[in-house]
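First residue of the sequence shown? That's 17 in this note's numbering, and the numbers climb one at a time after it. For reference, the structure is listed below as C-alpha cells.
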Amino acid sequence: MGLSASKRVQKSLSASPEFNSACDSTYAHCISVAQHAFAGVKPYQLFSAAEHLHQTLSQSVPLVAKWVPRPPDRDQVDRALKTVLSRRSVRDEEITLDEVEFKDFAAELFADAVASGAGREVLKRMPLGVAGIAGFGVLVKPGKEIVVAAIGAYALGVATSIYLSLDG
C-alpha cells in the first residue's frame, strides 16, 4: 500500500487549500492574540490553536470532519510539537514556530488525529464482522480453513477500505 496512513493523510492535508488557509488564519490569529509580541507562535498557544483549527477544519476538510470528532488533546499537541522541533537543525532556547513550522505542526497533529480515528474505526468494525463470519461458520460448518480465509479477507477488506478513505 505504500505510504503509512499518517504520511498519506499528511500529504493530503498539506495539498488542501482549505487546510493551508485554515493554518494561515489560525497563525495570524495567534500572533494577533499575543499582540505581535513574538516572532511566531509560542508553545502555550498551540492547544487553543489546535481547537481553533479543529473548528475550522471540521467544516471544510472532509478527512477531519469524518475522522476527528473532537479537537486533539494536549498529549497529541505536545507530540506534534516535539516532532516538529526534532526536525530543526539548530536548537533555540526560546521556542516559537514560524508560519512554515506552524503548518508542519498542524499537518503532523491532524494527520495523527485522523490516523488515530481511522484506527479506532478498524477496531470497532473488525470484531462485529469476525463474530458474524464465525457465527455463520458454526451454523453452516464449511470447514475451518474456509472460515479463517473469510475472516482474513474481511479484515483485509475493512483495513483497505479505511486506508483508501484517508486520501480525502
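Each residue gets a CB set at the ideal place from its N, CA and C atoms; glycine is no exception. Bear in mind that the values here come from a model prediction, so they are computed numbers and not experimental data.
For F54 against T99, the beta-carbon gap comes to about 21 Å, at or over 8 Å, which does not count as contact.
Rounded to the nearest whole angstrom, the CA to CA distance from A81 to P87 is 11 Å. Taking C-beta atoms as the reference points, V130 and V84 count as a pair closer than 7 Å. By the Cβ neighbour-count rule, R90 is exposed, with fewer than 16 other Cβ atoms within 10 Å of its own. The beta-bridge partner set that DSSP reports for L113 consists of V57.
When secondary structure is reduced to three states using DSSP, A147 falls in the helix class.
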